[in-house]
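The numbers in the sequence shown follow the working numbering, run straight up by one, and end at 122.
All C-beta atoms in this analysis are idealised placements derived from N, C-alpha and C, irrespective of residue type, glycine included.
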Amino acid sequence: MFRRRRRGDLPSPDPVFSTPVVDLADTAPSSAGQWGLPTHCPECGSPGYLDSIDMNRRVMHQHCPKCWYKWASTEADVRSGIAK
């Protein structure tokens, strides 16, 4: 009833449909950041460090480990691309 199949018993995969194709040319690059991920420092441009997220006010508090500048970005700013 439950027997192990041999390699000859398996159907051969269709080469056209066996490999998924991802076309990256159709997607336009977004300049807006993603909420919840650190943004770049507005002073020196290096990657920022996310300190905390205030979920009630929808604000991310960040600092720059290079120049120690601190800033806050709202969710609306990040999604619109204002906070970079």
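### Query
According to the neighbour-count rule (16 or more other Cβ atoms, all chains shown, within 10 Å of its Cβ), is D92 buried or exposed?
exposed
### Message
DSSP has K108 in a bridge; who is on the other side?
### Response
H101
### Message
I'd like to confirm something about S118: is its beta-carbon nearer than 6 Å to some heavy atom of the ligand MG, or not?
### Response
In terms of ligand content, the structure shown is empty, and the ligand MG therefore cannot be addressed.
### Task
Going by CA-CA distance only, name the one from F40, W109, R42 and R41 that's closest to P76.
W109
### Message
Need the endpoints of the beta strand (DSSP E) that S134 sits in, please.
### Response
Outside the shown range of the chain (39 to 122) lies residue 134, about which nothing can therefore be said.
#### Entry: Under 7 Å between C-beta atoms of H78 and D89
no
### Task
Express the C-alpha separation of G83 and W101 in angstroms, rounding to a whole number.
Per the sequence presented here, residue 101 reads as His, with Trp not at that position. Those two C-alpha atoms are separated by around 12 Å.
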